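K.L.:
Sending over a structure as structure tokens; questions will come in a sec.
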Amino acid sequence: MTLPIDLVLIRHGQSEGNLAKKLSKDGNNASVDILRDRHTARYRLTKKGRRQAQGTGIWLRNEFGDLKAIFDIFLVSEYIRAVETAGLLNIPHAQWTLDFNLRERVNGNSGTKTEEERRKALGEALKVLDAEPYFWAPPGAESYTELCERLRIPLAMLHRECESKRVLCVCHGEVMWGFRILLERLSQDQFKKLHISEKDFNRIHNGQVLHYTRRNPETGRMADHANWLRMVRPTEDPVWDSGWQEIARPFYSNKDLLKIARHVPLLVEK
């Protein structure tokens, strides 16, 4: 059993929550106040988010062809912003399965708050975020490690049932990071470097596509594992495309492990 031939992950378009957070960082908290009584699962897409979803759908049809069923399996998070995105992709012959395991990482006490309220509520906990983003979680929330444990459920299904298939999955930014951690075997240090990086290349934008494949992009030969990744932002002008990258999954010798350990200062020793 192995992964599908193609696994295409899409982040939903801009949501009400995304826009409210952006405006709050600029000092405008009106949208946050409007959304206080709405659970994050119920956020709709904004006008920009709908355009992103439609534009990504056009790109998918151009990329994979639209005269026949493009994908075999269609998965979508139950959160409304993902459901709306999936519908607006307008993929021919799509038959979607709602999967609650694909929901966004639970944010706990850092949910619908102004930027000032968020920093006040989290306080000292925020200091840990940049130090240990792999394990950090706001009070009452999920860490990335807990998110990854949840994502092993749909991944197990993909291994078990979808070996020779193409799969399309509409989900969320942090869920896509969870898939990256699992599929690329990112270590805590690798993830930390990506998480704190200020390079736009290392962000997952609304409407962004992550395409994993077992088919060698140069030779067409099939591998046993999803060894190649391409990242695309179809609705940017011009379209941003990382091109195909071969995934280098790490293995560690005894010396490698000790080198990793020595990077952490020893604070207590008798």
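For the sequence shown, the residue numbers in the numbering used here are 21 to 290.
Glycine included, C-beta positions come from ideal geometry on N, C-alpha and C.
Just so it is clear, the structure is predicted and the values come from calculations on it, not from any experiment.
Closest to Thr-60 by C-alpha separation, out of Pro-174, Asn-38, Asp-46, Gln-74, would be which residue?
P.N.:
If we check each option's Cα against that of Thr-60, Asn-38 comes out closest.
K.L.:
Could you tell me which residues DSSP puts in a beta bridge with Phe-94?
P.N.:
The partner list for Phe-94 (beta bridge, DSSP) reads Trp-116, Leu-188.
K.L.:
Looking only at C-alpha atoms, which of Thr-165, Lys-185, Val-148, Asn-127 sits nearest to Ala-89?
P.N.:
Residue Lys-185 is the option with its Cα nearest to Ala-89.
K.L.:
Which residue or residues does DSSP assign as beta-bridge partners of Met-242?
P.N.:
DSSP output for Met-242 lists Arg-235 as bridge partner(s).
K.L.:
If the criterion is Cβ atoms closer than 8 Å, does the pair Phe-94 and Gln-72 meet it?
P.N.:
Contact: no.
K.L.:
Who pairs with Ser-35 in a beta bridge, going by DSSP?
P.N.:
Per DSSP, Leu-65.
K.L.:
If you compare alpha carbons, which of Lys-42, Arg-70, Glu-36, Lys-68 is closest to Asp-57?
P.N.:
Out of Lys-42, Arg-70, Glu-36, Lys-68, Glu-36 has the C-alpha closest to the C-alpha of Asp-57.
K.L.:
Which residue's Cα is closest to the Cα of Gly-75: Leu-43, Val-52, Asp-92, Asn-110?
P.N.:
Ranking Leu-43, Val-52, Asp-92, Asn-110 by Cα distance to Gly-75 puts Asn-110 first.
K.L.:
Can you tell which of Glu-183, Pro-258, Leu-206 has the C-alpha that lies nearest to the C-alpha of Met-242?
P.N.:
Met-242 has its Cα closest to that of Glu-183, out of Glu-183, Pro-258, Leu-206.
K.L.:
Which class does Gln-292 belong to by DSSP, given the choice of helix, strand or coil?
P.N.:
The structure shown does not extend to residue 292, since the chain is modelled only from 21 to 290, so the question has no answer here.
K.L.:
Indicate the three-state DSSP secondary structure (helix, strand or coil) for Val-229 in the structure shown.
P.N.:
Strand.
K.L.:
By the three-class DSSP mapping on this structure, what secondary structure does Val-52 have?
P.N.:
DSSP places Val-52 in helix when its eight states are reduced to three.
K.L.:
Residues bridged to Met-251 by DSSP?
P.N.:
Leu-230, per the DSSP bridge assignment.
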